[in-house]
Amino acid sequence: MMTNGIADAQQNGGGQEDSKTNLIVNYLPQQMTQEEIRSLFSSIGEVESCKLIRDKVTGLSKGVGFIRFDQRMEAEKAIKELNGTVPKGSTEPITVKFANNPSSTKTVPPLAAYLGPQAARRFPGPIHHPTGRFSSAIPNYRYSPLAGDLLANSMIPTNAIANGSGWCIFVYNLAPETEENVLWQLFGPFGAVQSVKVIKDLQTNKCKGFGFVTMTNYDEAVVAIQSLNGYTLGNRVLQVSFKTNKSKNA
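Under this note's numbering, residues 23 to 272 are what the sequence shown spells out, in order.
What follows is the structure in structure tokens.
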């Protein structure tokens, strides 16, 4: 039984081979269920895991999903046959891309490369709140080459927090308008994400500038930190690191 579209994906620990078979799917119809997504991609090949990202409060789809195939050739076939197609009940084509570039780990392309030309047109600037299906938008990103250098040595601090089922990542310098959907799309391409949390001011309901992401696999968490630490989100440079006992508490 799936819980918020996460359980199935969590059964797979992830690893280097996953980057060759893991796909991110955007612009899914809000009414499309996880079972329907699995069925759609199962027509291509054997689906090992399927995860539909949902709003934790409303339970509604955020229009983003992750598919992991058994074979690389099946993932490539899915991109070829399903990218740009319009699912039943939708008027907008979906985008199907590799969730993580199989040939590169330390230098990851901007998220616009994952989301495709439509996303680049839709998300040209800083975070905003359109009236469409998504509560927030992913802006353009720039990769800072300093990120890899800063994290090259002593990746795990001695007081890094592993909560028993995953590794907790601290994300700092988020804009006040940031919603959890942003963190899902930021970290999802790097591997299995168990949960995300944007810390908000109780009075204004705006982000207080930081949040937390829990990832199942340590290696994937390392790559995510190396790639996203130093990214410019809107006009803010993100600081991304393993959560420690000194990190701000939720």
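Beta carbons are placed, not taken as given, at the ideal position from N, Cα and C, and that holds for glycine.
Notebook entry, point to check: Quick one: what's got a C-beta closer than 7 angstroms to Q53's C-beta in the same chain, skipping five residues either side?
Noted result: G111
Next item on the list: Please look up how many angstroms separate the CB atoms of V235 and L205, rounded, as I've assumed it's under 8 angstroms.
Entry: 6 angstroms
Margin query: Taking its Cβ as the centre, do 16 or more other Cβ atoms sit within 10 Å of L45, making it buried, or is it exposed?
Written below: buried
Checklist line | V86 to E199 span [Cα, whole Å] | finding: 20 angstroms
Check: Anyone know if the C-beta pair for F91 and W189 falls short of 8 angstroms?
Finding: no
Margin query: Here's a check: name, in chain order, each residue in its chain whose Cβ is nearer than 7 angstroms to the Cβ of G35, leaving out the five neighbours to either side.
Written below: At G35, the pLDDT of 37 sits below 50, so the modelled position is not reliable; the number obtained from the coordinates is stated separately. Here the set comprises T238 and N239.
Notebook entry, point to check: Counting along the chain, where does the beta strand (DSSP E) carrying M95 start and finish?
Noted result: Counting along the chain, M95 falls outside any beta strand (DSSP E), though it belongs to the alpha helix (DSSP H) covering R94 to L104.
Next item on the list: Please list, in chain order, all residues of the same chain as E68 whose beta carbon is under 8 angstroms from its beta carbon, the five residues on each side excluded.
Entry: F91, D92, Q93 and E96
Item checked: Alpha-carbon to alpha-carbon, K228 and T254 -> 20 angstroms
Notebook entry, point to check: Do the CB positions of I116 and Y49 come within less than 8 angstroms of each other?
Noted result: yes
Margin query: Per the DSSP calculation, N239 is bridged to which residue(s)?
Written below: In DSSP, N239 forms no bridge with anything.
Next item on the list: Would you tell me roughly how many angstroms separate the C-alpha atoms of Q261 and A121, rounded to the nearest one?
Entry: 22 angstroms
Next item on the list: Give me the Cα-Cα distance between L224 and D77, rounded to the nearest whole angstrom.
Entry: 19 angstroms
Next item on the list: State yes or no: is the C-beta of V218 within less than 8 angstroms of the C-beta of G233?
Entry: yes
Notebook entry, point to check: Taking I59 as the reference, which of F209, V108 and V79 has the closest Cα?
Noted result: V108
Note to self: Going by beta-carbon coordinates alone, are I66 and A100 separated by less than 8 angstroms?
What the structure shows: yes
Checklist line | Whether F212 touches V245 by CB criterion (8 angstroms) | finding: yes
Checklist line | Rounded straight-line distance, which links the Cα of E98 to that of M177 | finding: Because M177 carries a pLDDT of 47, less than 50, the predicted location of this residue cannot be relied on, and the following value inherits that uncertainty. Approximately 33 angstroms, taken between the alpha carbons.
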